[in-house]
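K.L.:
First the structure, which I've put down as C-alpha cells, then a few questions once you've had a look.
Structure, rendered in C-alpha cells:
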C-alpha cells in the first residue's frame, strides 16, 4: 500500500479563523464550525434532490424524453427491475433511487382512443359470409374421395306478418325466435331477433321481458318452422341488455341485446347478418320477417313469414302517430325508420317485435348476406298503417362496444 509521509495540516475555514481572531477557544470553534457544515450539507443535499426529482432526462437506450422520478413513482422502471433490467438513474434521495421515467408512460395509462364506428362490423360481415359455404365429405367411401365445398345460400329474390308468405329454408339464417317460460315447460315464442354474432342476438328492448310471460329466457336458431327439430339450436339467454337510453314509457331507443349462455354453432342454417352502417338507406323497399300473427288478434305462425314493405318518409309516419303518449317528440328520423304498406295487407304484427327489417347486402364482394336496417318496434295494427322500426345505424357504436369490446 502506498504510504504518504508528508502530513498536511487541516484546512482552516474562514469561519474558524474569524473565531480564533476573536479569542474563542479552539474546541468550541470546531464544534460550531462542524454544526454549520452539517446544516449546510443537509440543506444543500435537499435542494439537490428537489432539483433532480422533476428534471427532464433522456433515455440512453431509446433517445426518448423522460422525467426524473422516485423509483416507487415509476411503474415502467419497476417492470424493468422485475425483468432483471436496470433502469437508468438520475440520482438518489437517501437510499431511494431516482430514475429516468419514460414520458410515454402517461400515454399508456390514458384511455385508448375509440375505434371508428363500423370498422369491426365491416370485418365481421366479411367473416360471417364464409358460413354460406360448407365443406362436406361424400357419405359413401370412394377411392381418392375429396371434400366438396358447396354454396348453401338460401336467398330467393322476391318481387317486392300480415299478407306475408312463408320464407324458404335457409333464406333468413340470421333469424332467431325469442322465447319466454312463465311456467316450467310452457315455452312461448313472442318476439323475434337477429343473430349478429355467435353469442349475441339483436332485438327490441321491450322484448327483453313481457308483462305476462316474464323475462326472455331462450332463443331458438336454425329453423324456419318453429316445430322443426332438424338443425335446431335452442340456447338459454345469459343476459338481457337494453340500450341505456331506453325507457318503458317511451318508444324511443327500443333496442336491446341478448347474450347467450354458450356460443351458437355457426353454419348455413344459423349465421349472423350484417349491420347496416349508413344513416341513409339506399333502397325504397325492405323485407320484414317474423313468426308473428297472421291476422289481427290471431295466433302466431309456426312458419317464418316474410313480407316486402315500402320505406316512408318521416312526414308520412308523423301523420299516423300524432299525439302518441310514448312519442312526445314525434317520430325521430335519425333513430327510427317508418315502413309498411298502405294498399295491401302487408305489415309486421305482434310476435314480429324485435325481428329484423333488412335489405340485400350489396358490394364488398360479399354475397348471400342481408343488411339489418331496422328492428321491429311498434305499430298501430297489422296492416293499413306504417310500422316503426329502430334505425340500427344510429346504434352501431353501442352494439360494437357491447358485442365486440
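Residue numbers (UniProt numbering): 1 to 405. Yeah, the Cβ is synthetic: ideal placement off N, Cα and C, and Gly gets one too.
On a CA-only basis, which of 405, 190 and 126 is nearest residue 304? Give me that one, please.
P.N.:
Within the chain shown, residue 304 is the residue found at index 304, counting from 1. That would be 190, whose Cα lies nearest to the Cα of residue 304.
K.L.:
Can you find at least 3 beta carbon pairs, one from the region 238–249 and one from the region 359–374, that sit closer than 8 Å?
P.N.:
no
K.L.:
First and last residue of the alpha helix (DSSP H) that includes residue 122?
P.N.:
Along the chain shown, one-based indexing puts residue 122 at 122. Where residue 122 is concerned, the enclosing alpha helix (DSSP H) starts and stops at 119–128.
K.L.:
Once the 5 residues before and after residue 167 are set aside, which same chain residues still bring their CB inside 7 Å of it?
P.N.:
Indexing the chain shown from 1 puts residue 167 at position 167. Answer for residue 167: 224, 289, 304, 305 and 306, listed in chain order.
K.L.:
Secondary structure at residue 215, three-state DSSP: helix, strand or coil?
P.N.:
Indexing the chain shown from 1 puts residue 215 at position 215. Strand at residue 215.
K.L.:
Going by alpha carbons, who is nearest to residue 195 out of 338, 70, 388 and 269?
P.N.:
Locating residue 195 in the chain shown gives position 195, counting from the first residue. Ranking the options by Cα distance to residue 195, first place goes to 269.
K.L.:
Roughly how many whole angstroms lie between the Cα atoms of residue 338 and residue 74?
P.N.:
As a working mapping, residue 338 is identified with position 338 in the chain shown. As a working mapping, residue 74 is identified with position 74 in the chain shown. Each residue's alpha carbon lies about 57 Å from the other.
K.L.:
Return the CA-CA distance between residue 368 and residue 153, expressed in angstroms with no decimal places.
P.N.:
Translated into positions along the chain shown, residue 368 becomes position 368. Translated into positions along the chain shown, residue 153 becomes position 153. Cα to Cα, residue 368 sits roughly 6 Å from residue 153.
K.L.:
Inspect the beta-carbon positions of residue 389 and residue 243 and report whether they are closer than 9 Å.
P.N.:
For the purposes of this step, residue 389 is taken as residue 389 along the chain shown, with counting starting at 1. For the purposes of this step, residue 243 is taken as residue 243 along the chain shown, with counting starting at 1. No.
K.L.:
Taking the beta carbon of residue 54 as the centre, do at least 16 other beta carbons fall within 10 Å, making it buried, or is it exposed?
P.N.:
In the chain shown, residue 54 corresponds to position 54, counting from 1. Result: exposed.
K.L.:
Quick check on residue 371: buried or exposed, where buried means 16 or more other Cβ atoms within 10 Å of its Cβ?
P.N.:
Position 371 of the chain shown, counted from the first residue, corresponds to residue 371. That one is buried.
K.L.:
Check residue 386 in the structure and name its three-state DSSP category.
P.N.:
Here residue 386 is taken as the residue at index 386 of the chain shown, counted from 1. Residue 386 falls in the coil class under three-state DSSP.
K.L.:
Give every residue of the same chain whose Cβ lies closer than 6 Å to the Cβ of residue 38, excluding the five residues on either side of it in the sequence, and list them in chain order.
P.N.:
Sequence index remark: in the chain shown, residue 38 carries index 38 (1-based). Its pLDDT being 43, under 50, residue 38 is placed unreliably by the model, and the measurement read from it follows with that caveat. Answer for residue 38: no residue qualifies.
K.L.:
Measuring alpha carbon to alpha carbon, tell me which residue in 82, 183, 365 and 375 is nearest residue 207.
P.N.:
Within the chain shown, residue 207 is the residue found at index 207, counting from 1. Of the listed residues, the one whose Cα sits closest to residue 207 is 375.
K.L.:
If residue 64 and residue 254 are in contact, beta carbons under 8 Å, what's the gap, nearest whole angstrom?
P.N.:
In the chain shown, the residue the question calls residue 64 occupies position 64. In the chain shown, the residue the question calls residue 254 occupies position 254. Not a contact, Cβ separation roughly 51 Å.
K.L.:
Give me whichever residues DSSP pairs with residue 65 in a beta bridge.
P.N.:
In the chain shown, counting from the first residue as 1, residue 65 sits at position 65. According to DSSP, which records beta bridges pairwise, residue 65 is partnered with 58.
K.L.:
First and last residue of the beta strand (DSSP E) that includes residue 233?
P.N.:
The residue labelled residue 233 in the question sits at position 233 within the chain shown. Going by DSSP, residue 233 is part of the beta strand (DSSP E) stretching over 233–242.
K.L.:
In terms of residue numbering, what span does the beta strand (DSSP E) encompassing residue 402 cover?
P.N.:
For the purposes of this step, residue 402 is identified with residue 402 of the chain shown, where counting begins at 1. Residue 402 -> not in any beta strand (DSSP E); alpha helix (DSSP H) instead, spanning 396–403.
K.L.:
Any idea which residues DSSP pairs residue 265 with across the strands?
P.N.:
What you label residue 265 is simply residue 265 of the chain shown in a count that begins at 1. Paired residues: none, contrary to the question.
K.L.:
In terms of residues, what are the limits of the alpha helix (DSSP H) holding residue 319?
P.N.:
Counting from 1 along the chain shown, the entry for residue 319 is found at position 319. 314–320 is the span of the alpha helix (DSSP H), which, as asked, contains residue 319.
K.L.:
Only counting the same chain, and skipping five residues up and downstream in sequence, which positions put a Cβ closer than 8 Å to that of residue 271?
P.N.:
Position 271 of the chain shown, counted from the start, is the residue given in the question as residue 271. Correct list, in chain order: 128, 131, 132, 173, 174 and 195.
K.L.:
Since residue 210 and residue 180 are thought to touch, with beta carbons under 8 Å apart, how far apart are those beta carbons, to the nearest angstrom?
P.N.:
Position 210 of the chain shown, counted from the start, is the residue given in the question as residue 210. Position 180 of the chain shown, counted from the start, is the residue given in the question as residue 180. Confirmed, Cβ separation roughly 6 Å.
K.L.:
Let me confirm a value: residue 126 is counted as buried when at least 16 other C-beta atoms fall within 10 Å, else exposed. Which label applies?
P.N.:
Sequence index remark: in the chain shown, residue 126 carries index 126 (1-based). By the neighbour-count rule (16 or more Cβ atoms within 10 Å), residue 126 is not buried but exposed.
K.L.:
Between residue 386 and residue 121, what straight-line distance do the alpha-carbon atoms span, to the nearest angstrom?
P.N.:
The count along the chain shown starts at 1 and reaches residue 386 at position 386. The count along the chain shown starts at 1 and reaches residue 121 at position 121. Rounded to whole angstroms, residue 386 to residue 121 spans 29 Å at the Cα level.
K.L.:
On the CB-based measure, 16 or more other CB atoms within 10 Å of its CB, does residue 171 come out buried or exposed?
P.N.:
In the chain shown, counting from the first residue as 1, residue 171 sits at position 171. Residue 171 comes out buried.
K.L.:
In this structure, does DSSP put residue 380 in helix, strand or coil?
P.N.:
The residue given as residue 380 occupies position 380 in the chain shown. In this structure, residue 380 counts as coil in the three-state DSSP scheme.
K.L.:
Under 9 Å, Cβ to Cβ, is there at least one residue of chain C near residue 317?
P.N.:
The structure shown contains no chain C; it is built from a single protein chain.
K.L.:
Pick out whichever of 123, 76, 119 and 291 has its Cα sitting closest to the Cα of residue 366.
P.N.:
Here residue 366 refers to the residue found at position 366 when the chain shown is read from its first residue. It is 123.
K.L.:
With burial defined as no fewer than 16 other Cβ atoms inside 10 Å of the residue's Cβ, what is the status of residue 61: buried or exposed?
P.N.:
The sequence position of residue 61 within the chain shown is 61, counting from 1. When all chains shown are included, residue 61 counts as exposed.
K.L.:
Measuring only the C-alpha atoms, how far is residue 402 from residue 67?
P.N.:
Counting from one through the chain shown, the residue named residue 402 turns up at place 402. Counting from one through the chain shown, the residue named residue 67 turns up at place 67. So the alpha carbons of these two residues sit roughly 38 Å apart.
K.L.:
Specify, as a first and last residue, the run of the alpha helix (DSSP H) that residue 78 falls within.
P.N.:
Taking the first residue of the chain shown as position 1, residue 78 is located at position 78. Note, residue 78: alpha helix (DSSP H), 75–82.
K.L.:
Tell me which same chain residues have a C-beta within less than 8 Å of the C-beta of residue 200, skipping the five on either side of it?
P.N.:
Translated into positions along the chain shown, residue 200 becomes position 200. Result list for residue 200: 257, 258, 259, 260, 402 and 403, in chain order.
K.L.:
So, are the CB atoms of residue 340 and residue 379 less than 9 Å apart?
P.N.:
For the purposes of this step, residue 340 is taken as residue 340 along the chain shown, with counting starting at 1. For the purposes of this step, residue 379 is taken as residue 379 along the chain shown, with counting starting at 1. The answer is yes: Cβ separation under 9 Å.
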